[in-house]
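Residue numbers (my numbering), protein chains in the order written: chain A, 84 to 373; chain B, 380 to 626; chain C, 31 to 946. Don't be surprised by glycine CBs; every beta carbon is placed ideally from N, CA and C.
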C-alpha cells in the first residue's frame, strides 16, 4: 500500500534524529536524495522529461499549440500547467481523488512562472493580438515519495529546457491576412530559454530544526513548511507557507537563506546535466522505463 | 493510401503477419505491490497493482465473501496522443476500457484464493499508437506476475485487421484510422481459451475465421516474448521476438 | 531495427502536431537482381554507358517523361519507393501510369522498397529540406545497386532531369546522366528523341505576346478563401476558341465570361482556374452570332442571344489551380518547309489551342493523324509547347478516324492486358458440379431470348409459364457475370475503369474480354448457362403477387431476333411452349406499358439510323431507320420491371450503399424554347409534370389544320433535348431517387452486366442480399461507391459522344461520293440561320440565311427580319417558320482536312442569293 502510516514512537524517533542532524536514511538536513533526470523521453511531445527523486517518480510532457494571446498582453505567449495524479501512485487518487493535490500544485507552478523574469513570454508571441504560442505543460505524477513540489519544479524546468518550438515563418498574404507556414525539417526548432526558470525548494520544520527534501515519513512529522521559488542567481520569485503548524518569525530569514543556497546548487547540477544531455548524439535511445 | 503496398509491406515496413517491436520491464515502481511497463511499437503503457488488500472504504459494498474483486482504472496522459486532449478521469472511454480489462482479469486471476479482498489494477498510457487495449492487458499481466498474484495462465492480447483478403496483425493508429474492421482478443495461451474479444467495423461472416486465427497467432507470439522475458528475471530489457524484426 | 519518422503537421484548425511514426528496417528486401523480375542481361545499349546497365529514374523524370518510359525499348528500370511516393503526391494520373507499367511483367520495371532496406536507409540530416533528402536517398540507392552489380560487370545509371543532382551524383562516383543525354545516345531508337518533353525554356519567344504571370498556388488559395478570386472549371466556347466561361464552385454558381488571349492567360479548356473579376465598366457580352460555320450539329442550343443588355460578369485568369492536360489527336499544319524541326500542331478538338512541337519526322507526319501531349506554356510563347507521342494513320482513313474519336473521348480500347486475360477461365470451361448444388435448375423452362440481329452478347432471357391457378410465372434471367468477375481482380478493375461497352457503327469496344461477353456469359441457346433470375408471380392483369431472386442454371431454347419473335407470335399455327410464352409476355407487356404511361412515363424519340456496311470494304452502303416492333417493346417492358424490382430490393437491404439510377426532373426553364416553338405554330403544350408532357405530346398526334403529320415526332425529338442526364448514384448520399423519364420512384440498372459495370455492382449487392455471395468492404463503402458512380457517369457520357461521333463519321463516309437532295424540317430558327433536321439520314445542319454557300455575305440587314417570339425568319420576302418542311442538298466538304463536314444547301423554298 502506498499510504504511509507512522506510529507515535516512529515519529519521535525521526524528530530526535533530525535534532541531531541525523536523518533516517543517513542524510544531513540539507542533503537531497538521489535525483535522476532524463529528457526527451516522450517522442510525440515537443519536450519532455522524467524525474526520479528518491521514491517520487514524475513524467512531464510539453506540447505547444497556436492560440490567441491574452488581450492584456498581446505580444506575449501563454504557459498553462496541468498536473495529473495517476492512481498508480496511490489508490486514493482513483477517480477524482487526486484533484485537490493537482489543483494545488498547478496553482503554485503558475504563480512562480507567470512573472516577467522566469520565462520571457515575448519570445512566444507570433503575431501581436492574433497568434501566439500556447505552451501546455502536463505533469504526470506516477509515484509519491515525499517532496513533490521540488520534484515537479525540477522536472518542469528540465522539460521546458528540452522543448523545441518550431521555427515558423509568417508570410503576408493578401489583404492583411498572414499565413503561418511550418518549416520543412521537423528538427528546425528553437529551444525555450530557461536560464531564469525558478526551482521550488521546500524547507520543512521538524521539531526545532528545518530539513530540506523531506521524505514521506518526514513529511508526516512536520507541521509547517516554507516553499520558495529560487532562480539560478539565487533570487526568490515567490514564497508560501504550507501546513497547519506555526513558524517562528525569527527562523524565517534563516530558512530563506538556506533555501537560496540549496536552490543555487540545484540549478548548477541540473544545468550541468542538461548540457551533457544536449551534447549527446540525438540517436541515443532513451531508456525511459526500461 | 494503401495499407499493404504491392510488394507486400505495410506502411511502417512490416509484413502483414509481423508484430511491432515489444519491449517490457517489470518492477518499475517501488511503492506498488507489482508494476510493469510495456512498449508495443509506440504504444507505451505503465501498469501498477495494489493488492490483495482489505477493501477500501468506498468500495466496501462490493466485497464478496468467497472471492476477491478486481478494481481497474484506466487513464491516458494528456500528451499520449498526437493532439493534446484534455481527458477527465471518469470519461466514457476510460470507463469502458476499465470495465473490459476488469472483465478480462476476473477470468484469469484465481479470485477464490483471496476472499473478501480487493485487487487494484491501474493502467497509465504514456503514448498511444493503436492497439491500446492489447498493450494494457499485456502490461497488466506482467504487473500481476510481479505482484505475485495467482493466475490461471498468462493473458496475452493482440489486435488484427482484414484488408483485401490479408490479415494484418498488431495494428497501429494509422492502420486503425484506415477504416477496416478491427478485431482484438485476449487469450490464455497455454489453456488456449479466449477470454475477451471485440470486433469494430463490419466484416462478412466467412472472413471471421481468418481473423480469429490471425489474432490467436499474434497472441501466441506475444506470449513467446513475455515468457522469454520472464526467464531472464533480472529486469533487463528484451528486444527480440521470434516473428518480429531484428533489433 | 526500428527507427522513427517525425513529421510536423499543421491541422486545419490551426493546431501544430508532432507526429511520430515507426519505421522498421529490414534485411530481407528483394532487390530484384535475382529471380527474373529484372533481366540478367539488359539489352538496351547506350553510347555513353560502357556496360550493360539498369536505369534508376528520379522523380522529375517520371513526372515529365512518361512517354519516353512507356516506349517499348525502355526496360529493366528500377523504380525506387521514394520516387513512387513523390510521384503519387504530385500527380495521380502519372502515378496510375507508372503503376500500370510496373504491373506489366514484360516491361521489367522493378519496385525497390529502398526506405525500409537497411542498406539504403538514411535518417534526415539536420537542416536538410525534403527534396534534398529524397535526392540523397536516391543516390544512396544507386550506390547500393552499383555495389551489387560490380561483380556482374554491370552498372546502374541514375537518370535525372536536374543538372545539379546529376553533378552531385557524379561527384560521388555514380553513373549519372540527364534524361536528354541518355535518350540522345540510345543505340537504335532515334524516334525516342521526339518523345522527350522539353524543359521550361521557351522554344520560341514571340515578341508580340507576353502573358501576365500566374500567381503562386498559396496566393491563389488565399484569394479564393477570402473571396477575391473565384474558382471554377474553364469551358471554352464551341463557337469561339478565344472565349470561354467558368461556372464558379459552390451552390450559387454564377458564370463569368473570359474573353481574349491575355485574359485567358494560358488557361486551357477544362483546367480548374482562379479568376479575378474585372471592374464593371469592362464587362462585355459573349459573341451571340454563330461565328464559325463548322459548329457541330446537334449541339446544345445556347441562348446567348438572350443576353443583350449591359454586359455579363467578365473576368481574367490569374492562376491555374489544376491542369487537365491530356494527349490530343490532330494534324500537323503544313507550315514552312518539312525540313524544319519546329512545327505547329492543330488538335482535332477546336477548343484546344495549337501546340508547338519539335520533330524530325515532319515529312512523314504531314497528312497523318498524330497524338501530341502538352508539356508547358511559358509566358513568352504564344502557343503551348508539347511533344509528339505517336502517329495513328492517314487523315480521313476510316480506321484512323475511328482511333481518333476513341482517343478523344477517352475510351479505353487497347487489347486486354495479360493480367486481365489471366483472370479468365479456360475456354473449355463448363459448369462445375458444385454450382448445381447451390443454384436452382431452370433448364426445362421455356426460356428464350430476343435481341437485335447480329448480337453475340446476349445478357437477358425471358420465360412465361401459366401456373394454372389464375396466376402466371414470369421470369427474367440475366447472365451471371459476377460469377466470373470477382471483386478486386485485374479484370474487375479494368471493367470498372472502362465502365461500359461502346457501340460504334462498325465496331464494339468490349468492357469484358470476348471469351466472357460472347461465349461463357452470353445466354446462347447452345447449352447450359449460369444466370441470375428474377421470378415474378403475376395475375393476368400484370399485378405482381410475389417477387423472388435466385441464382440459377438455364438452357435457352431459342435465340431470336425481334423480327423472328414477331413472326412467331403472329404465326397462328405455332403452339409450342416458347411461342405460347411469347404471346403471354406480349400481352402482359402491353398492360405494363399502359400502366407506365398512365403514371407519366415519357416516350420520346430520336432520329436513329443504322448503317448497312459493305462486307468487303466495310464502307457504309445505305442507311436504315430503326423500326419499332411489338417485340422491342415487350423485352423493354420486362427489363424495366426487373430493374425496378431489383432497385427496391437492394435499397431495402442496403439503404446506405445501393447503386441506383435517377433522372432529375428538368427545370421548367429547359422547356422554354421548346414550348415557345410549339406555341408559335398554335400548339399548346404543358410540361409541368412528365404526365402532362406525355399527354400533351400525344394530343399533337391528332391531325390538325395547317400542321403536317410529322410535327408530333419533331416535338418529341425537341423534347428529348430538354431532358437532363440520368445518372448513377449511391443511395446513402442522395435523397431524390426518382426517375423522371420512366416515372418510377426508384430505378437501377440490373439487366446488362456484360456491357455495363453498374449492373455488375448491382448484381453483387443483390447476391449478398439473398445470401448467395459474400460482401466485401468496398461494396459497402459509400464514398467508394460514389467515386465509382462518378466514373461510370463520365464513361457513359463519353460513350454517347463517341457513338454520336461514329455515326457522324460514317455519315460523312457515306456522302463522300454522293450529292443528294432530300426533304427536311426546320427545328430551330436563329438570328441569322436555321437548323434543319433530315429524318431519313438522322442528319442535322445549319443553313445560313445571310450568306451564300461560299460564305460571302449576300443579304444585308434590311432584307433579313427575325422575330424571336414567333420563331420565324423572313429573308427577301420568303418566310421560314419552325417546323416548316424544306428541301436541301446534302454534300460532303473536305476542304478542311481535319474537320470534314456535311454541307446543307437550301433548294426549296427558293431565296435569291441563298438557295441553289
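My output table needs one value for residue i: the three-state DSSP class, helix, strand or coil.
i	result
residue 403(B)	strand
residue 176(A)	helix
residue 380(C)	coil
residue 531(C)	coil
residue 482(C)	coil
residue 321(A)	strand
residue 579(C)	strand
residue 599(C)	helix
residue 297(C)	coil
residue 620(C)	helix
residue 331(C)	Its pLDDT being 34, under 50, residue 331(C) is placed unreliably in this model, and the coordinates cannot settle the point.
residue 541(C)	coil
residue 251(A)	coil
residue 397(C)	coil
residue 162(A)	strand
residue 332(A)	coil
residue 419(B)	strand
From the DSSP secondary-structure annotation, give me the bridge partner or partners of residue i.
i	result
residue 342(C)	314(C)
residue 576(B)	564(B)
residue 206(C)	188(C)
residue 275(C)	265(C) and 287(C)
Straight-line CA distance for residue i to residue j?
i	j	result
residue 195(A)	residue 323(A)	11 Å
residue 907(C)	residue 939(C)	11 Å
residue 701(C)	residue 714(C)	13 Å
residue 733(C)	residue 842(C)	36 Å
residue 239(A)	residue 278(A)	13 Å
residue 563(B)	residue 381(B)	22 Å
residue 59(C)	residue 149(C)	10 Å
residue 683(C)	residue 586(B)	20 Å
residue 73(C)	residue 218(C)	11 Å
residue 611(C)	residue 601(C)	14 Å
residue 211(A)	residue 160(A)	10 Å
residue 158(A)	residue 120(C)	39 Å
residue 271(C)	residue 382(C)	8 Å
residue 142(A)	residue 45(C)	23 Å
Contact defined as beta carbons within less than 8 Å: I believe residue i pairs with residue j. What is the distance between those atoms, to the nearest angstrom?
i	j	result
residue 170(A)	residue 452(B)	5 Å
residue 510(C)	residue 516(C)	Not quite, the Cβ-Cβ distance comes to about 12 Å (not below 8 Å), so this is no contact.
residue 637(B)	residue 428(B)	Any answer about residue 637(B) is impossible in this case: the structure gives chain B only from 380 up to 626.
residue 289(A)	residue 300(A)	With 8 Å as the limit, residue 289(A) and residue 300(A) do not qualify as a contact, their Cβ atoms being about 11 Å apart.
residue 214(A)	residue 275(A)	That pair is no contact at about 18 Å.
residue 488(C)	residue 589(C)	6 Å
residue 347(C)	residue 401(C)	In fact, because the Cβ distance is near 27 Å, the residues do not count as touching under 8 Å.
Measuring alpha carbon to alpha carbon, tell me which of the options ends up nearest residue i.
i	options	result
residue 291(C)	302(C), 239(C) and 278(C)	239(C)
residue 540(B)	482(B), 531(B), 492(B) and 590(B)	590(B)
residue 705(C)	896(C), 727(C) and 691(C)	727(C)
residue 352(C)	166(C), 604(C), 441(C) and 262(C)	262(C)
Strictly below 7 Å CB to CB, what residues from chain D border residue i?
i	result
residue 53(C)	Within the model displayed, chain D is absent; protein chains A, B and C are what it includes.
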